[in-house]
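Q:
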Amino acid sequence: MGTPAPARSRAISLEVNGEAVEYEVPARRLLVHFIRDDLGLTGTHVGCDTGNCGACTVHVDGVSVKSCMLLAVQADGTRIATVEGLAADGELTALQRSFNEHHALQCGYCTPGMLMSATALLEQNPHPNEDEVRVALQGNICRCTGYVNIVEAVVAVGEGTS
Amino acid sequence: MLLREVDYARPATVEEAVSLLAAHEGARALAGGQTLVNVMKARAAAPDVLVDLVDLAELRTIGFSSDGLLEIGAMVTYTQLVGSSEVEVARPILAEVAATIADVQVRNRGTVGGNVCVSDPTNHLPPLLVVLDASFTIRGSGGERVVPADEFFVGVYMTAVGEGELLTKISVPPASDTGDGFSGVTIGKHGTYVVDAAATVSGEGARIAIGCVAATPVRATEMEERLAGGDFSEDAVREAAKGLGASLDPPSDVHGSADYRRSLAETSAVRAVLQAVERRKR
Amino acid sequence: MSTTTTTTPTVTEQQSTPTLEKGYIGQSIPRREDKRLVQGLGTFFDDMRRHGMGYVHFVRSPYGHAKIVSIDVSKALELDGVYGTITGDEVAIHTEPFFEMSVEPGANIKDYALAVGRVRHTGEPVAAVCAATRELARDAADLVEVEYDPLPVLVDAEESLKDETVLHDDAGSNVVWSGVFDWGDIDQALADADHVVKIERLHFHRFSSTPLECAGALVEYDKGTAEWTLHCNHQMPGVGAIWMAPALRTGIDKLRFVTQDIGGGFGNKICLHPQYVVLCLLARKLGRPVQWTEWRTDQHTANAHGNERTFLDIEVGVMADGTMTGFKVRALDDCGAFPRYEPLGCIIWAQVTPGLYGWRNIRVDFTQVCTNKSPVSPNRGYSRMQHLWLTERIADIVATELGIDPVEFRKKNYVKTEQMPYETPNGCVYDSGDYAAALDIALDLIDSGSIEDRRKEAAARGKLLGFGIGSTLDSGTNNFGQSTLLNPDLQFSGNNEAASVKLDIFGEVVVTLGTVPQGQGHETTAAQVVADILGCSPEQVNVRRGHDTWFNSHAGFSGTYASQFAFTGLGAVKGAAELVRAEMVQLAAAVLQAPEEAIELADGFARIKDGPEEAALPFMALGAIVNANNAFLPPDFNPTLNHRYVCRPYFGMVDTEKKTGQLTLTYATQIHAAVVEIDPETGVVDVVDYAAVDDCGIRINPQIVEGQVHGATTHALGAALSEEFVYDEEGTLLTSNFYDYHVPHALDMPPLKTGSMESPSPVAPLGAKGMGEGGGGGIHCVCAAIQDALGAAGKAIVYTSCNPPHRVWSMLQDPEATRANVSVVSK
């Protein structure tokens, strides 16, 4: 097999929220636009154009990433999880319930990214303390809540009090 | 936010990657993409071809060379660095600094190779790797060469990696009777540095490098010379730093004047050295 | 561990007129909006698609100020997938300039949807391209060739005032509006004062709330009816339509605004009419739906900044006992390239003219100018925040210079609770509050008694510790009549808001709002109010998401802005629910053959009080009778169970001669206290302790109120320490993204302690005052705390509202440079 030739688009196959997806995408398309515009999963949001805000956070192979800092072609062969996959069976996760109970969202625009970052944290560290939560959420900007209730909501899940 | 058209290739081996980079003018290696994709979004850069290194597993390893150097593959992520037992044993400062780069999501994707090859003057790793006396292995179609840190960083966004070449690994001497320190001022916590300083202290003296004050890390050679005697008391370190700021020609921008950066350079250098001294005692 | 401590609410003895018992009102019930939002199932405008939709990208000016020599779109049109373009020349033909609110010279400014002939700020849209995909639209925009001829750039309001370069030739001057506000007798007060403290210059910087969702819309045009539908995130569509319809030469009924979920607004989504007009024109021209999503860099560069204001030649009269008697100031406001919502900012501040203080003599010489910067728009705490910062800076500088403890100084000068309701020198009425008591709560939360010990301990670590207070008012419910103090010809006065409540066929209670929430939880709080009135649970009340000017009840000032939902929004909900309630009681009385007085609405039933179990009608029965089974009702009894109510607060008329009047109705109080530590070698400021006390009267949902306090505090802390729109001499914005414009993230935030009081408003329908803007308390107290900390290192005066490390470092290097601004003349 020879060296692969560079191409303007690529047929990618990946798993999104547990479902197999195959798509021909332009090489320049960002993963976030692939998720939102091509797959119609509009829960993943765009809040900036420089990779700062984290509203577009999804999991790629179990790891949180900003989907505006990846090309869709880079996700070829990966497993992707978006916010829509959290309560796939219709049952809210403990974290989603905790966000509601602690008033951890106002406009709700940053919320999907926050949930994906916090979910990744809780998978690695089921009982994080406040400082660990703050470090884990540092890449997600919220302009409504001042993070107070978000941090409380995540800590509460770990403490089993939510 | 929207990139220009670009061609994409995903080589399976380093050889293929090198040949792709050599074959296409305007080709760029795509590592984690945490800088490159961003500048392409702004259309500040528009390579014709992206050579994605994602499948090159051999660039993702951390280990030791036969002569005991810590070897970090160019595609090792910051998160890998933070969690590596090899790094913890050999040179924990690398993990400590990596843990403050940007945020979790960026650390999950961003790579060591990308950080140094971008050679952004505000990046964390260049001054650190300079004081650690790291060496950089570069692969080209003609074979491999090794470049010391002092020669690796050439200018803003420019390194010793030439057209058609690929950085494959970074080798760092393990700590031995040394202490390392890193200090500076960021825009917000864990943000971009306004000025940073890295230092390593050993029986032979100190190596100190300042970031964000020039196109590439600046060695604080006079300060190093003054500390060569081995007196690392706080007074001696502060005295040694005097004049460091005046010797620099840093930029002025929205985050600080040149004078502010000169002052921060001295403060950061002192703090980095004192931190290194403290750690060397442990 | 919780970082939040809530003190036991202290209810003042203030008389109030709430007519409802607390049931669901007053409870922190979890929000109804959340379930969809935590699943990513919210609908924001950018989530919507239409068949054949085109994506719009704006071509923007790289210059701060330049003549447009030519625009050539031909190469863009040649690109496959491009649907069309529009330029300023077409806009000038097809639209009128937007209505200007100012008198001359500002009234003569011509503001079109795209630049016509000249660009006046970096990022100003000069053309727009529409294409099949986002990427193609961007590609095509790069192919539009624009030739510019650069002009001199004005980035400083004082330079603008000289009129050496004039931005708008039609106006002939850079001044948008100017006027003198003179209440009491400041000259006499200064002559009588024992001390006159003079401050030459203070500067309130440019920043904005930067809502995480940028602006945008999906616009459809119906050729048959000549009507546009805008699926958008405009937060004040009532006023947006007033701008847009005349510009588009159409009736206001031809513009339908629909909002669903909105990702934050904070005032920054009030001035979207220029871009929206371009979308309307493109949708009509191209015969297809078009959508535009603003990018973050564009929002920072060219959408909405907060007003920048310079305060000059301040003089404050102080008596020997520390009582401040008055002040005078020249205020110079920089509104950027176009006035848009301005010059309203030239009067909105007057809602809080004396701040929290008893000053009776105040003269403000106010001028607003254009510069080559982004236009401004209302921004959380709009115009009052700037003025309150001035009053708080004055309080701290005067106290420091006269050697008086800032806490005692404030308590001495605060308006006293016994004086409530308190009429200010310009005729506003502070409805209720106890500022000194709120301050005491803040002092307790922050353990102010230990400050001196903490200062010593910090000094031992090489840090400078400082303590500061920020006292603010959040004035709510605008009287639009205040606009006539700027321009007597304007036909605006009063305020109103609408809501509708109906009982549907299966007993569903359905509520529509005139307000346009962007995260404030209106679906929840409105349900709480309706549930209490109708006697059901909030779960039974369906408050429709978002706003639709065709189907929602709607009034001329509809929108969500200016801290007024608790008054007008919920006032309308309450009014409509009471109308429905009255009919439900009437109907139940008729059906159950009982007098109306015997009917109670409770637990989702209309029933006879203490009557037999079967003497009860479920809501479903009432809804079904009226809607589907009504033949037996007598001909003269025609209940609809469907009512609209407009809440029109009473203000009276303003006095345009004296410039007095009730400019707003409710005054929530915020007292903030901060402890900071400064690293003297680097200028880095760490907020190590922080308390925010809020008194907004009756809290419908305390958890939501507290959330607003957290958010407003965070905006203020960001503004105080890092968020700043900085321009270079060419008019290029240097902080156009979240790298350089640093907003606080989770690691930056200090632990926030909150406390609360409830001084019910005697004038609001539910005793609840508007709140949420917060008046910038965090900016004021951080400035005060920094100044306190610097007291031990040269006594610099904090002269600007934004103090990032490099600026603090400069103050430490040369404190005298700041001190030269301040002098005290004592008798």
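Protein chains in written order, with this note's numbering: chain U, 719 to 880; chain G, 143 to 424; chain X, 415 to 1241. All residues carry an ideal CB built from backbone N, CA and C; glycine is no exception.
In this structure, how does DSSP classify residue 731(U) when only helix, strand and coil are distinguished?
A: Looking up residue 731(U) in the first sequence gives position 13. It is a strand residue.
Q: Should residue 879(U) be labelled buried (16 or more other beta-carbon atoms within 10 Å of its own) or exposed?
A: The sequence position of residue 879(U) within the first sequence is 161, counting from 1. With fewer than 16 other Cβ atoms within 10 Å, it is exposed.
Q: Using DSSP with H/G/I as helix, E/B as strand and the rest coil, what is residue 1178(X)?
A: Your numbering for residue 1178(X) matches position 764 in the third sequence. Residue state, collapsed to three classes: coil.
Q: Does the beta-carbon of residue 908(X), which I'm using as the reference point, lie nearer than 7 Å to any heavy atom of the ligand MN?
A: Absence of the ligand MN is noted for the structure shown, with no ligands found whatsoever.
Q: If I'm right that residue 917(X) touches residue 1031(X) with Cβ under 8 Å, what's the distance once you round it to whole angstroms?
A: Working through the third sequence from its first residue, we reach residue 917(X) at position 503. Working through the third sequence from its first residue, we reach residue 1031(X) at position 617. With 8 Å as the limit, residue 917(X) and residue 1031(X) do not qualify as a contact, their Cβ atoms being about 11 Å apart.
Q: Quick one: which chain U residues come within Cβ less than 7 Å of residue 196(G)?
A: Here the question's residue 196(G) lines up with position 54 in the second sequence. Simply 792.
Q: Note down, in chain order, all residues in the segment 890-903 of chain X with a beta-carbon under 7 Å from any beta-carbon belonging to chain U.
A: From the segment 890-903 of chain X, no residue has a Cβ closer than 7 Å to chain U.
Q: With a Cβ-Cβ cutoff of 8 Å, do residue 795(X) and residue 1184(X) count as a contact?
A: By one-based count along the third sequence, residue 795(X) stands at place 381. By one-based count along the third sequence, residue 1184(X) stands at place 770. The answer is no: Cβ separation not under 8 Å.
Q: Residue 657(X) and residue 513(X) - do their beta-carbons sit closer together than 8 Å?
A: As a first step, residue 513(X) is located in the third sequence; it is residue number 99 there, counting from the start. As a first step, residue 657(X) is located in the third sequence; it is residue number 243 there, counting from the start. The answer is yes: Cβ separation under 8 Å.
Q: Rank 1172(X), 716(X), 704(X) and 1228(X) by C-alpha distance to the C-alpha of residue 464(X) and give the top, closest one.
A: For the purposes of this step, residue 464(X) is taken as residue 50 along the third sequence, with counting starting at 1. Comparing Cα positions, the closest option is 704(X).
Q: Where are the beta strand (DSSP E) runs, 3 residues long or more, that stay fully inside the segment 1017-1057 of chain X, in chain order?
A: List check, beta strand (DSSP E) in window: 1019-1022 and 1030-1032.
Q: What residues from the segment 322-333 of chain G come within 8 Å of chain X, judged by C-beta to C-beta, listed N to C?
A: Those residues of the segment 322-333 of chain G that come within reach of chain X (Cβ to Cβ, closer than 8 Å) are 327, 329, 330, 331, 332 and 333.
Q: Got a sec, what are the start and stop residues for the alpha helix (DSSP H) residue 850(X) sits in?
A: Taking the first residue of the third sequence as 1, we reach residue 850(X) at position 436. From DSSP, the alpha helix (DSSP H) with residue 850(X) extends over 849-859.
Q: Name the one or two DSSP bridge partners that residue 947(X) has.
A: As a working mapping, residue 947(X) is identified with position 533 in the third sequence. Residue 947(X) is not bridged to any residue.
Q: Using beta-carbon positions only, say whether residue 1225(X) and residue 1204(X) come within less than 8 Å of one another.
A: Walking along the third sequence from the start, residue 1225(X) turns up at place 811. Walking along the third sequence from the start, residue 1204(X) turns up at place 790. In this structure, residue 1204(X) lies closer than 8 Å to residue 1225(X) by Cβ.
Q: Between residue 1120(X) and the rest of its own chain, which residues show a CB-CB distance below 6 Å, the 5 nearest in sequence each way excluded?
A: Position 706 of the third sequence, counting from 1, holds the residue named residue 1120(X). If we look at residue 1120(X) and ignore the five residues flanking it on each side, its Cβ neighbours are 1168.
Q: Can you look up residue 434(G) in the DSSP assignment and give me helix, strand or coil?
A: The displayed coordinates of chain G run from 143 to 424. Any statement about residue 434(G) would go beyond what the structure contains.
Q: Bridge partners for residue 719(X) per DSSP, in chain order?
A: What you label residue 719(X) is simply residue 305 of the third sequence in a count that begins at 1. According to DSSP, which records beta bridges pairwise, residue 719(X) is partnered with 790(X).
Q: How would you list, in chain order, the residues of chain G whose beta-carbon sits under 9 Å from the beta-carbon of residue 549(X)?
A: Here the question's residue 549(X) lines up with position 135 in the third sequence. Here the neighbours are 144, 145, 146 and 147.
Q: Which residues of chain G have a Cβ atom closer than 9 Å to the Cβ of residue 1153(X), listed in chain order?
A: Stepping through the third sequence from its first residue, residue 1153(X) is reached at position 739. Correct list: 329, 333 and 334.
Q: Suppose the cutoff is 6 Å on Cβ atoms and the five residues either side in sequence are ignored; what does the same chain contact list for residue 1186(X) look like?
A: Within the third sequence, the letter at position 772 stands for residue 1186(X). These residues qualify, in order along the chain: 977 and 1122.
Q: List the DSSP bridge partners of residue 682(X).
A: Numbered from 1 along the third sequence, position 268 holds the residue referred to as residue 682(X). None; residue 682(X) has no bridge partner.
Q: Along chain X, which residues have their Cβ under 7 Å away from the Cβ of residue 830(U)?
A: Numbered from its first residue, the first sequence carries residue 830(U) at position 112. Within chain X, the residues near residue 830(U) are 454.
Q: Is there at least one Cβ from chain U nearer than 8 Å to residue 937(X)'s Cβ?
A: Along the third sequence, read from residue 1 onward, the residue named residue 937(X) stands at position 523. With 8 Å as the cut-off, residue 937(X) does not count as an interface residue toward chain U.
Q: Could you tell me the alpha carbon to alpha carbon distance between residue 466(X) and residue 244(G), rounded to whole angstroms?
A: Taking the first residue of the third sequence as 1, we reach residue 466(X) at position 52. Taking the first residue of the second sequence as 1, we reach residue 244(G) at position 102. Near 40 Å, if we compare the C-alpha coordinates of residue 244(G) and residue 466(X).
Q: Using a C-beta cutoff of 8 Å, does residue 406(G) count as contacting chain X?
A: Residue numbering aside, residue 406(G) sits at position 264 when the second sequence is read from its first letter. Yes, residue 406(G) counts as interfacial toward chain X.
Q: Assuming residue 217(G) is part of the alpha helix (DSSP H), what are its boundary residues?
A: Within the second sequence, numbered from 1, the residue matching residue 217(G) stands at position 75. From DSSP, residue 217(G) is part of no alpha helix (DSSP H); its letter is neither H nor E.
Q: Let me make sure I understand the geometry here. Which of 511(X), 536(X), 534(X) and 519(X) has the alpha-carbon closest to that of residue 525(X)?
A: Looking up residue 525(X) in the third sequence gives position 111. The shortest Cα separation from residue 525(X) among 511(X), 536(X), 534(X) and 519(X) belongs to 511(X).
Q: Rank 612(X), 934(X) and 1152(X) by C-alpha distance to the C-alpha of residue 811(X) and give the top, closest one.
A: Here residue 811(X) is taken as the residue at index 397 of the third sequence, counted from 1. Answer by Cα proximity: 612(X).
Q: Kindly indicate if chain G contains any beta-carbon less than 8 Å away from that of residue 417(X).
A: In the third sequence, residue 417(X) corresponds to position 3, counting from 1. Per-residue confidence for residue 417(X) stands at a pLDDT of 36, beneath the threshold of 50, marking its modelled position as unreliable; the derived number appears in the next sentence. No, no contact with chain G.
Q: With a threshold of 8 Å between beta-carbons, can residue 863(U) be considered close to chain G, or not?
A: Taking the first sequence and counting its residues from 1, one reaches residue 863(U) at position 145. No, residue 863(U) lies away from the interface with chain G (no Cβ there is under 8 Å from its Cβ).
Q: Tell me, please, whether the segment 1017-1031 of chain X touches the segment 1093-1112 of chain X by the rule of three or more beta-carbon pairs shorter than 8 Å.
A: No, the segment 1017-1031 of chain X does not touch the segment 1093-1112 of chain X.
Q: Who are the Cβ neighbours of residue 831(X) in its own chain at under 6 Å, not counting the five residues just before and after it?
A: Looking up residue 831(X) in the third sequence gives position 417. If we look at residue 831(X) and ignore the five residues flanking it on each side, its Cβ neighbours are 848.
Q: Determine the contact status of residue 846(X) and residue 1175(X), defining contact as a CB-CB distance below 8 Å.
A: Here residue 846(X) is taken as the residue at index 432 of the third sequence, counted from 1. Here residue 1175(X) is taken as the residue at index 761 of the third sequence, counted from 1. Yes.
Q: For a contact meaning CB atoms closer than 9 Å, what does residue 746(U) contact in chain X?
A: Translated into positions along the first sequence, residue 746(U) becomes position 28. Going along chain X in sequence order, the residues near residue 746(U) (Cβ under 9 Å) are 549.
Q: Closer than 7 Å by beta-carbon distance: list the chain X residues that pair up with residue 402(G), in chain order.
A: Translated into positions along the second sequence, residue 402(G) becomes position 260. In chain order: 1220 and 1223.
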